[in-house]
Amino acid sequence: MEEIKLTGESKNIVSDNIQKLKEIFPDIFTENKIDFDKLKCNLGEFVDDSKEKYSFTWSGKTQAIRESQKQSTGTLRPCEEESKDWDTTQNLYIEGDNLEVLKLLQKSYNNKIKMIYIDPPYNTGNEFVYMDNYDDNLDNYLKLTSQIKDRNKVSTNTETMGRFHSNWLNMMYPRLKLARNLLSDEGIIFISIDDNEKDNLKKICDEIFGEDNFITTICQKSRGGISNDKIISENHNYQLFYAKNKSIIHETRSEYGVKKTEDDFKRFNKDDNDGKGPYSLNPVSGPGGARKGNPYYNFLGVEGYFRFSEKTMTKLYNEGKVIKKNNNLYQKTYLSDLKDKVKKISTWWDEAGTTSSGTKLIKQLFPEVNDSIFDHPKPIELIELMIEYCNFKENDIVLDFFSGSSTTAHAVIKANSNENKNYIIEESGNEDLDIGFKVFKLDSSNLEKWDPDYNNIQKSLIIDQIKEGRSDKDLIYEIMIKYGIELTYPIEQYGKIYSVGSGELIICLDDNITKEIAYDVINLTKNDSISRVVFKDSGFASDAIKTNIKEILKTNNIDEFITI
5 MEEIKLTGES KNIVSDNIQK LKEIFPDIFT ENKIDFDKLK CNLGEFVDDS KEKYSFTWSG
65 KTQAIRESQK QSTGTLRPCE EESKDWDTTQ NLYIEGDNLE VLKLLQKSYN NKIKMIYIDP
125 PYNTGNEFVY MDNYDDNLDN YLKLTSQIKD RNKVSTNTET MGRFHSNWLN MMYPRLKLAR
185 NLLSDEGIIF ISIDDNEKDN LKKICDEIFG EDNFITTICQ KSRGGISNDK IISENHNYQL
245 FYAKNKSIIH ETRSEYGVKK TEDDFKRFNK DDNDGKGPYS LNPVSGPGGA RKGNPYYNFL
305 GVEGYFRFSE KTMTKLYNEG KVIKKNNNLY QKTYLSDLKD KVKKISTWWD EAGTTSSGTK
365 LIKQLFPEVN DSIFDHPKPI ELIELMIEYC NFKENDIVLD FFSGSSTTAH AVIKANSNEN
425 KNYIIEESGN EDLDIGFKVF KLDSSNLEKW DPDYNNIQKS LIIDQIKEGR SDKDLIYEIM
485 IKYGIELTYP IEQYGKIYSV GSGELIICLD DNITKEIAYD VINLTKNDSI SRVVFKDSGF
545 ASDAIKTNIK EILKTNNIDE FITI
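End of the sequence shown sits at 568 in the numbering used here; the numbers just go up one at a time, nothing left out.
Next up, the structure:
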């Protein structure tokens, strides 16, 4: 049995991409390196070798791309005392720099998020824009958190700093790149923005998500009054709307929309008293004619372009669903066929709340605070509308990694009346929610880096790799993150043995691991199809016992033997 050594690093995205290339183009690899000439041959006419080509670039873009590929050496430590309903909730509230957190979520939540909503800094020159430290972003975050007190900003991105747009793009690019990996195949993302960076944001989203996956730009009315100190009152924000795979969304587009109201049913005002219920009459003529591909023929003496083929029209007529009236043809549309279906809305959202309604919500949450702690909080109605429109199913997950006032979490809570939706919120500190959630906080890995003292090498060789002051729970959740298991999975304890997800992963953190423990592990996994076991390497009583335990587990169909 091969032993797997679990390190303190997050998913290696570059390594995964290389493996995908090997599966598609195995012939381009020579001595484990890519032969780009061979790759070009495989790609044929899709290779652009010209010196002049369309591109969007800025100072720092290469570093921003590399930052999205770097592994994190951090972890998420559970904080039960700040959580609510820890043992039963499926919601997560994560405190920490969102770039590092996104890296840590790459395995556990890859291809699992239904919807992402973010409201990033608008780059007006006044907001906090986090300056990533490409050498050690985690260490940079931990230092900054000691400087941020009482929600004060420690840095703004002003035009006098130079590279005004570049700084903002360098912040956004790696975060969006990592966020895309988390979206499911049916996943969608909404991004709030204003005129300052809307065009630049659209360009990097086209690059990251693909131009073909752009759905639309929504214009949202964000204020009710008029601003008289402007040339013209800017009363709107934008919501860029992208899909992970637009073709999949297109196939299920009839399920995307908002619930109908009683006003939508008023037109169903006819009834033949035949038990089929009320209906409305709708023309079957084909607007757009030949330009739209509508067929032209004569039916019941009415000649023209129609919505349906002649075969379909005949079928509907024979079913009594097409009638002739005043020398025109109409289709009967029954209320019973449409009542449970959704309706489309336009890209102009003027009833999705305003900034002032968002501010009112914040005051309700923080009545003891006199000053506004968030400058432009998003209205809960805006995110409720996004959730309603986007065809959510049971246990779909919403992610917000620029959470601010936790409006997204509140919108999910309100939307949970029909289907159970879960959220993951990444934030810098606000837990005033009225539903269960697990709090995790970004920190350095629980595993020590081996930094030997060459003057006392014997002592260095026997050092415990677990950091002082870290609990078993800290270590268990780091193992779950690095191994790709969702943080909401249940954990059951049997002495120093822990079962994660009802036996999906077994973790033994005993300091004196013997053969008897191996049989305890077997009893816990005997009814499970997946058997993976993690041991604390320093806990084996001897190398011989470790070898024996490997063989015992192997003969009992436990294939993965992992040590930390």
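Just so you know, even glycine gets a beta-carbon here, dropped at the ideal spot from N, CA and C.
Keep in mind the model is a prediction, meaning the values are calculated, not measured.
Inset, instruction - Identify every residue that forms a DSSP beta bridge with Ser506. - result: According to DSSP, Ser506 bridges with nothing at all.
Legend entry - Start-to-end residues for the alpha helix (DSSP H) that takes in Lys81: Inspection of the sequence shows that residue 81 is occupied by Arg rather than by Lys. Unbroken run through Arg81 is the beta strand (DSSP E), Gly78 to Pro82; no alpha helix (DSSP H).
Legend entry - Unbroken beta strand (DSSP E) run spanning Gln335, endpoints: Asn332 to Tyr338
Legend entry - Buried/exposed call for Lys9, threshold 16 Cβ in 10 Å: exposed
Inset, instruction - With distances taken Cα to Cα, identify the nearest neighbour of Lys248 among Phe272, Asp233, Ile222 and Glu215. - result: Glu215
Inset, instruction - Identify, in the order they occur along the chain, each residue of the same chain with its Cβ nearer than 6 angstroms to the Cβ of Asn174, setting aside the five sequence neighbours on each side. - result: Gly64 and Ala68
Inset, instruction - Ignore the nearest five residues each way along the sequence and tell me which others in Lys250's own chain have a CB closer than 7 angstroms to its CB. - result: Asp216, Asn217 and Ile219
Inset, instruction - State yes or no: is the C-beta of Arg311 within less than 8 angstroms of the C-beta of Val326? - result: no
Inset, instruction - Count the other CB atoms, across all protein chains shown, that sit within 10 Å of the CB of Asn115; report buried if there are 16 or more and exposed otherwise. - result: exposed
Inset, instruction - Could you check the C-alpha separation between Asp515 and Tyr498 for me, to the nearest Å? - result: 15 angstroms
Legend entry - Straight-line gap, Gln75 to Thr337 (C-alpha atoms, nearest Å): 56 angstroms
Legend entry - Burial state of Ile235, where buried means 16 or more other Cβ atoms lie within 10 Å: exposed
Inset, instruction - Find out if the Cβ-Cβ distance for the pair Val537, Phe565 is shorter than 8 angstroms. - result: yes
Inset, instruction - Please determine, among Lys274, Tyr487 and Leu403, the residue with the shortest C-alpha to C-alpha distance to Glu13. - result: Tyr487
Legend entry - Among Ala183, Ile117, Lys540 and Ile429, the one whose alpha carbon lies nearest that of Asp189: Ile117
Inset, instruction - Mind checking which residues open and close the alpha helix (DSSP H) that includes Phe310? - result: Phe310 -> no alpha helix (DSSP H), and no H or E assigned at all.
Inset, instruction - Determine the contact status of Ile192 and Tyr246, defining contact as a CB-CB distance below 8 angstroms. - result: yes
Inset, instruction - Per DSSP, which residues does Ser284 bridge with? Please list them. - result: Thr337
Inset, instruction - Assign Pro125 to buried or exposed, taking buried as 16 or more other Cβ atoms, counted over all protein chains shown, within 10 Å of its Cβ. - result: buried
Legend entry - Reference Glu99; option with closest CA among Leu446, Ile222 and Asp31: Leu446
Inset, instruction - Rounded to whole angstroms, what's the CA-CA distance from Gly308 to Leu339? Just pull it up for me. - result: 28 angstroms
Inset, instruction - Quick one: which unbroken alpha helix (DSSP H) runs of 4-plus residues sit fully inside the region 512-541? Chain order, please. - result: 519-529
Legend entry - Whole-angstrom distance between Leu491 and Asn399, CA atom to CA atom: 14 angstroms
Inset, instruction - Verify whether the separation of the beta carbon atoms of Phe303 and Ser284 is less than 8 angstroms. - result: no
Legend entry - Local Cβ density within 10 Å of Glu201, reported as buried at 16 or more and exposed below that: buried
Inset, instruction - For Gln23, count neighbouring C-beta atoms within 10 Å of its own C-beta (all shown protein chains included) and say buried if the count is 16 or more, exposed if not. - result: exposed
Inset, instruction - Starting from Ile28, trace the beta strand (DSSP E) both ways and give me its first and last residue. - result: From DSSP, Ile28 is part of no beta strand (DSSP E) but of the alpha helix (DSSP H) over Ile17 to Ile28.
Legend entry - Thr128 - DSSP class collapsed to helix/strand/coil: coil
Inset, instruction - Pair every Cβ in the region 338-353 with every Cβ in the region 256-269, then say whether three or more of these pairs are closer than 8 angstroms. - result: yes
Inset, instruction - Report yes if the C-beta distance between Tyr113 and Val443 is below 8 angstroms; otherwise report no. - result: no
Inset, instruction - Give me the Cα-Cα distance between Val105 and Lys500, rounded to the nearest whole angstrom. - result: 28 angstroms
Inset, instruction - Measure the CB-CB distance between Leu479 and Leu513 and report whether it falls below 8 angstroms. - result: yes
Legend entry - Contact set for Pro178: own chain, Cβ-Cβ below 7 angstroms, skip 5 residues either direction: Ala68, Glu71, Ser72 and Leu103
Inset, instruction - Would you mind reading off the limits of the alpha helix (DSSP H) that contains Asn395? - result: Counting along the chain, Asn395 falls outside any alpha helix (DSSP H), and DSSP gives it neither H nor E.
Legend entry - Identified DSSP bridge partners for Trp90: For Trp90, which the question treats as bridged, DSSP gives no partner whatsoever.
Inset, instruction - Kindly indicate which residue of Ala545, Asp563, Thr551 and Lys519 has the alpha-carbon position closest to the one of Thr529. - result: Asp563
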